[in-house]
Amino acid sequence: MDKRFGQIITAVLVIFVSAVTFFTSLMCIIASDAPSVDSQMLASINNLRTTRGLGALSVDPVLSNIAETRAKEASSVWSHTRPNGTQGADMIDRTKWRGENLSYVVVSNFDGSASISAAAASTMFSKLCASPTHFDNMVFSNFTKIGIATFAAPTAGGTKITTAYMFSN
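Numbered per this note's numbering, the sequence shown spans residues 156 to 324.
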């Protein structure tokens, strides 16, 4: 009986370690592609601003850290309200102009390739442009800095790619 119990425990541990290894490697692939989505979104936003005679936004590391937190939070609970009850933009210094955009897309065949990342970024940018309040954040003349971060997680329907954009001056 003890030998059989030991074999069952060993089998369960092997399955568990295999599952953790699989999902960790999947998340590494997904995480390595986030800069591609982020850079494509930054280029799209700055191109939009240029067409409106506005200056390009510069990437700010503090805003990028905030965006990373918000992308992770919004990937599990889709809201501008944070888990602690405050608004995402409240994470930015109150003495500055501040804004937050969030976008996501679920990709059934996400493999980390440049073409699928570009398609995901294009879809998210189109959705932001179609929303008046999100569009206004992207072209608000007082914003000079941005932080962008993407978080991707496997779901039953595919990979959910969530991007947060934090704006300030």
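A virtual CB, placed ideally from N, CA and C, is assigned to each residue, including glycine.
What are the boundary residues of the alpha helix (DSSP H) that includes residue i?
i, result
"PHE265", "Neither: PHE265 is in no alpha helix (DSSP H) and is coded neither H nor E."
Since residue i contacts residue j with CB under 8 Å, what's their CB separation in whole angstroms?
i, j, result
"SER199", "ALA276", "7 Å"
"LEU209", "VAL294", "6 Å"
"THR317", "ALA229", "5 Å"
"ALA129", "ASP193", "The structure shown does not extend to residue 129, since the chain spans only 156 to 324, so no value can be given for it."
When DSSP labels each residue in this structure, what does residue i get in the three-state scheme?
i, result
"ILE247", "coil"
"ARG204", "helix"
Out of the options, state which residue places its alpha-carbon closest to the alpha-carbon of residue i.
i, options, result
"LEU218", "ASP291, ILE247 and ASP266", "ILE247"
"ALA307", "ARG207, ALA226 and PHE322", "ALA226"
"THR206", "ALA269, ASP245, ILE301 and SER296", "SER296"
"ASP122", "ASN239, SER231 and ARG253", "For residue 122 there is no data in the structure shown, the boundaries of the chain being 156 and 324."
"ASN202", "SER286, PHE280 and SER191", "PHE280"
Can you tell me where the beta strand (DSSP E) with residue i in it begins and where it stops?
i, result
"SER231", "Note, SER231: premise wrong, no beta strand (DSSP E); alpha helix (DSSP H) at 216-231."
"THR241", "Neither: THR241 is in no beta strand (DSSP E) and is coded neither H nor E."
"PHE295", "Looking at the DSSP string, PHE295 is not in any beta strand (DSSP E), and its letter there is neither H nor E."
"SER323", "313-323"
"GLY302", "300-310"
For residue i, which residues of its own chain have a beta-carbon under 8 Å away from its beta-carbon, when the five flanking residues on both sides are left out?
i, result
"THR299", "GLY210, LEU212, SER213, SER323 and ASN324"
"ASN256", "LEU283, HIS289, ASN292, MET293, ALA319, TYR320 and PHE322"
Hey, would you say the C-beta of residue i is under 7 Å away from at least one heavy atom of the ligand FAD?
i, result
"ALA269", "As far as ligands go, the structure on display features none, and thus does not contain the ligand FAD."
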